[in-house]
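Here's the structure we're looking at; comments come further down.
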Amino acid sequence: MITGIPESKTTEVLEAELKKISALKSPNSALAVFEISALKKYHNAGIQVVLDGVRDPGNLGTIIRLCDWFGVQQIICSNDTVDCFNPKVLQASMGSLARVTVFYKDLISFFKSENNLPVYAAFMDGHSVYKEQLPKDAILLMGNEGKGISEELELFLTIKISIPQFGDSMETESLNVAMATSILLSEFHRSIER
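Residues 30 to 223, numbered by our numbering, are exactly what the sequence shown covers, in order.
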């Protein structure tokens, strides 16, 4: 029996049954079924993460988990971003999807009508994030793994920021979108703490 859950709400599932329904080589030892609750209303304050065309489920799940860690309560995704209920996203989020609200929106409409926060976007040729005084209320816009941020969205940017490369190797082209999001969220919060 699981602590805190009434016995009437639990059913024993055999290991063989878990293997049949799992996409993993080694399935978890438990399975939970949840009702998807209605999305909360978007609120325009704090640090917001906006994702433009992030297609890799592992990246989205990791970004959801990062947002949970850094206290970002909502993520706004373009309509072509991977579904947050994709099994690989759920696995990578490690339960954080229960605490972070994910909205899917047309980002051009979102920036035109719903946003009044400054927009910081990650670009290879942007200003070093380490030299910026970052605000406590802002949007961090992150782009597609291969294409970056859509040209149409560049019209809404306040500033382009980057994570400078310190190593000598020119073979490393860029950072993974989830890795870059973690560094930038850390810098936003470090700036707030000063």
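All C-beta atoms, glycine included, are put in the ideal place defined by N, C-alpha and C.
Cβ atoms of leucine 146 and serine 107: under 8 Å apart, would you say?
Not closer than 8 Å, so no.
DSSP on methionine 153, reduced to helix/strand/coil?
In the structure shown, methionine 153 sits in a strand (DSSP, three-state: E or B).
Just mark valine 42 as buried or exposed, buried being the case when its beta carbon has 16 or more other beta carbons within 10 Å.
Exposed, since its Cβ has fewer than 16 Cβ neighbours within 10 Å.
Classify serine 142 as buried or exposed, calling it buried when 16 or more other Cβ atoms lie within 10 Å of its own Cβ.
Exposed is the call here.
Can you pull the DSSP bridge partners for serine 107?
DSSP, once it has assigned bridges, lists Lys134 as partnering serine 107.
With DSSP as the reference, label methionine 123 as helix, strand or coil.
Coil at methionine 123, not helix or strand.
Please determine if the segment 128-142 and the segment 154-163 are in contact, where contact requires at least 3 C-beta pairs separated by less than 8 Å.
Contact fails: fewer than three Cβ-Cβ distances are below 8 Å.
Compare the C-alpha of serine 122 against each of Glu202, Asp97, Pro193, Glu46 and name the closest.
The shortest C-alpha separation from serine 122 is found at Asp97.
So, helix, strand or coil for proline 35, using DSSP?
Residue state, collapsed to three classes: coil.
Beta-carbon within less than 6 Å of alanine 150's beta-carbon, same chain only, minus the 5 sequence neighbours each way: which residues are those?
The residues are Leu170, Ile178, Leu186, Lys189.
Distance check for valine 158 and serine 191, CA to CA, integer angstroms please.
Rounded to the nearest angstrom, the two C-alpha atoms are 6 Å apart.
Kindly indicate which three-state DSSP category leucine 89 falls into: helix, strand or coil?
Of the three classes helix, strand and coil, the one that applies to leucine 89 here is helix, per DSSP.
Between which two residues does the alpha helix (DSSP H) carrying leucine 169 extend?
Leucine 169 -> not in any alpha helix (DSSP H); beta strand (DSSP E) instead, spanning 167-171.
Determine which residues share a DSSP beta bridge with valine 79 and list them.
Bridge partners of valine 79: Ile105, Leu170.
Which residue from Lys54, Ile76, Ser37, Ile92 puts its Cα closest to that of valine 206?
Comparing Cα positions, the closest option is Ile92.
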